[in-house]
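Below is one structure, written out as structure tokens, with a few remarks after it.
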Amino acid sequence: MTDNLKKTKKETKRSSLIWRWVSVLALTIVVSFVVFSVIIYSTVSQQTLTQQEEVSNRVIQTLDQQLSPISGELEISNVVPALSPSTRRILNGGPNIKDDSVSSGSAFSDDLISSISNPDINVAVYNKHNEIVFSNGDTAPTFHPFQGKTKVEKSITKHGTVLNTYHKIVSNKTKKVTGYIVVTNSMTYYNHIMKYLLRWMLMISAVAIIVFTLISFLIVRDVVKPIKEISKVAREVNEDPNSTVRITDYHRNDELGDLVNSFNQMLDRMQRYIDQQKEFVSDVSHELRTPVAVIEGHLNMLERWGKEDPEILEESIKASLQEADRMKHLIQEMLDLTRAEQINVQYPNAITNVNDVLKRVTSDMAMVHPDFNIQLDIDDLPADTKIQIYQGHLEQILVILIDNGIKYSTDRKQINVSAGVTEDKIHIIVQDFGEGISKEDQDKIFNRFYRVDKARTREKGGNGLGLSIAQKLVESYHGEISVDSVVGQGSQFNIVFPVLSAQDIKRLEEKSNQNEDK
Ligand code: ADP
């Protein structure tokens, strides 16, 4: 199968989530209602039918009681008097037997009369030759041969369900079949109830199905709407990564609300990364342009006149090497900056003793810059103060700050480094007495490639990346860095880190051991 064909097949299979969910819900609702209705209907039907069967049986029993004493052939002449002298009267709408003064009071009961006078009940008595000998209705129930003593049969007519009961009359004396009783119960009450029930059930089911389907549609649509929008926004951002479209905030306090917020935050973050990336590339190319231009200039000069002139040759080679060195330094700093942005992942459980690092860095710097007086004041710092940072990174931060203090110093060649602990924080201060930084510039010096005086800083070998690296490192370890400075008097850089408690140290050591085991 070709890719295209596969694609079209996939596309045709695609269906809306709303319709899929709504159809499933609607189907569930319909099936539930049908099952529920069938159960109710058949239970009511069964109950009412049993009642009606009992009515028919009672009639049969009563007639059988009256007819089984007859031992000979059943004929109108013996059946009708047996059933009652007043039966016909009652059937013809005469008074009840109890009101009748002529009542014999023994041969037949109230049962018989009430049974036969029930308008639902049609009775017929047949003799052995299938000839009708008694009937109470206009249309006598028809007889057909049957097996056993009694047979109950349901039939559907245009007026509804009818219950036919057939019974063999056996003579008490001869024990022989003398005839048959056929009772037809037209079950008006049953048919009425069932019709009524069916109608209401259909109506309620239809309304309920419509209402529930509508409600489920609204609920599903409410759920699917943000999903659809997420998908639309994702598509748009995919097509144009710079797009500023975001998902509408539905102010929902549920999982979907969380998803929308996280998705928007993720897009914002991605956007920030893209912007940073673009900025970085443009900054870097801008920064590299100058040294490359300088080297190119010198090489051109060498090509034109320098080959023969040893003075130009030496000067150009020296300058080019200097620029190449600066470029190397710049590339290293850019790498440091990029790495500083990913610290947490690399050294999540590192612990460092601040005293040791402060002592080592200040003495190393003092050795490299013998003309400077680098003072360390750690009287207020407990000897075992530990913070969560990779040792090399704390060293790097301190070197950047001390190096800046040295680079931007004036007459007074002194750097003071001090540290102390207040509550659960350690404060490290690097102070110089150099040129200082104006208030306006203090806000910008932590920005990438920012230099207060571009030309002069370049002379001193600065790329404007040192403080950005220091800030990224400090913040990666949940610290803060700030500056206080007065132009002409000097600057003071303050770093604050949370001090690790004994518990924190134990936890981090355990974690780091676990990682090593892995
Ligand atoms: P650079 O490598 O150029 O020194 P930084 O990011 O370390 O870059 O510093 C940014 C700018 O902030 C510097 O160019 C300088 O102008 C200013 N600056 C930094 N530290 C000091 C300081 N201690 N005294 C005066 N100015 C400073």
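Here my numbering is used: the first residue of the sequence shown is -12, the next is one more, and so on.
Just so you know, even glycine gets a beta-carbon here, dropped at the ideal spot from N, CA and C.
Among all the DSSP beta bridges, which residues are the ones paired with Gln479?
Its beta-bridge partners are Gln418, Asp471.
Is it the case that the stretch 471 to 481 contacts the stretch 415 to 428, given that we only count it when at least three CB pairs across the two stretches are under 8 Å?
The stretch 415 to 428, when compared against the stretch 471 to 481, does touch it at the 8 Å Cβ threshold.
DSSP bridge partner residues for Asn403 (one or two, in chain order):
Listed as beta-bridge partners of Asn403 by DSSP are Gln362, Gln418.
If Ile432 sits next to Val473, beta carbons under 8 Å apart, how far is it from one beta carbon to the other, in whole angstroms?
Actually they do not touch by this definition, with Cβ atoms about 15 Å apart.
DSSP three-state label for Pro485, please.
Judged by DSSP in its simplified three-state form, Pro485 adopts strand.
Neighbourhood of Ser88 by C-beta, 7 Å cutoff - its chain only, sequence neighbours within 5 removed
Note that Ser88 scores a pLDDT of 39, beneath 50, so its modelled location is shaky; the value from the coordinates is reported in the next line. For Ser88, same chain residues with a beta-carbon under 7 Å away, outside a window of 5 residues either side, do not exist.
State the start and end residues of the unbroken beta strand (DSSP E) segment that holds His154.
Element bounds for His154: 147 to 157.
Pull the bridge partners of Glu140 from the DSSP assignment, please.
In DSSP, Glu140 forms a bridge with Asn151.
Report the rounded CA-to-CA distance for Tyr113 versus Phe199, giving the unit in angstroms.
Roughly 57 Å between the two C-alpha positions.
Below 8 Å, is the gap between the Cβ of Asp428 and the nearest heavy atom of the ligand ADP?
For Asp428, the shortest separation between its Cβ and any heavy atom of the ligand ADP lies below 8 Å.
Can you list the beta strand (DSSP E) stretches of 3 or more residues lying completely in the stretch 156 to 215, in chain order?
Runs found: 164 to 172.
What are the residues that DSSP puts in a beta bridge with Val112?
Beta-bridge analysis with DSSP links Val112 to Phe121, Ile168.
If contacts are defined as beta-carbon pairs under 8 Å, then Asp404 and Gln375 qualify, I think. What distance do you get, rounded to the angstrom?
In the sequence on display, residue 404 carries Val and not Asp. That belief does not hold up - the Cβ atoms of Val404 and Gln375 are roughly 21 Å apart, past 8 Å.
Report buried or exposed for Pro128, applying the criterion of at least 16 other Cβ atoms within 10 angstroms of its Cβ.
By the beta-carbon neighbour count (other beta carbons within 10 angstroms, threshold 16), Pro128 is buried.
Determine contact between the stretch 446 to 455 and the stretch 481 to 501, defined as no fewer than three beta-carbon pairs at a distance below 8 Å.
Remark: fewer than three beta-carbon pairs, one from each stretch, lie closer than 8 Å, so the stretch 446 to 455 and the stretch 481 to 501 are not flagged as touching.
How about Val164 and Tyr153: do their beta carbons lie closer than 9 Å?
No; because the gap between Cβ atoms is not below 9 Å, this pair is not in contact.
Here's a check: name, in chain order, each residue in its chain whose Cβ is nearer than 7 Å to the Cβ of Gly392, leaving out the five neighbours to either side.
Closer than 7 Å at the Cβ level, and outside the excluded window around Gly392, lie Ile402, Val417, Asp419, Gly421.
Ile507 CB to nearest heavy atom of the ligand ADP below 8 Å
Absent from the model: residue 507. The displayed extent of the chain is -12 to 505, so no value can be given.
Rounded distance between the beta-carbons of Val439 and Ile424, thought under 8 Å:
Approximately 6 Å separates the beta-carbon atoms of Ile424 and Val439; this is inside 8 Å, confirming the contact.
Within 10 angstroms of the Cβ of Ser463, are there 16 or more other Cβ atoms? Answer buried if so, exposed if not.
Result: buried.
Got a sec: does the ligand ADP put a non-hydrogen atom nearer than 8 Å to the Cβ of Phe433?
Checking the Cβ of Phe433 against the ligand ADP gives yes.
Coarse secondary structure for Asn340, derived from DSSP in three states
Reduced to three states, the DSSP call for Asn340 is strand.
By the DSSP assignment, the alpha helix (DSSP H) with Ala13 in it spans what residues?
For Ala13, the uninterrupted alpha helix (DSSP H) run begins and ends at 4 to 54, by DSSP.
My output table needs one value for Thr409: the three-state DSSP class, helix, strand or coil.
Three-state result, Thr409: strand.
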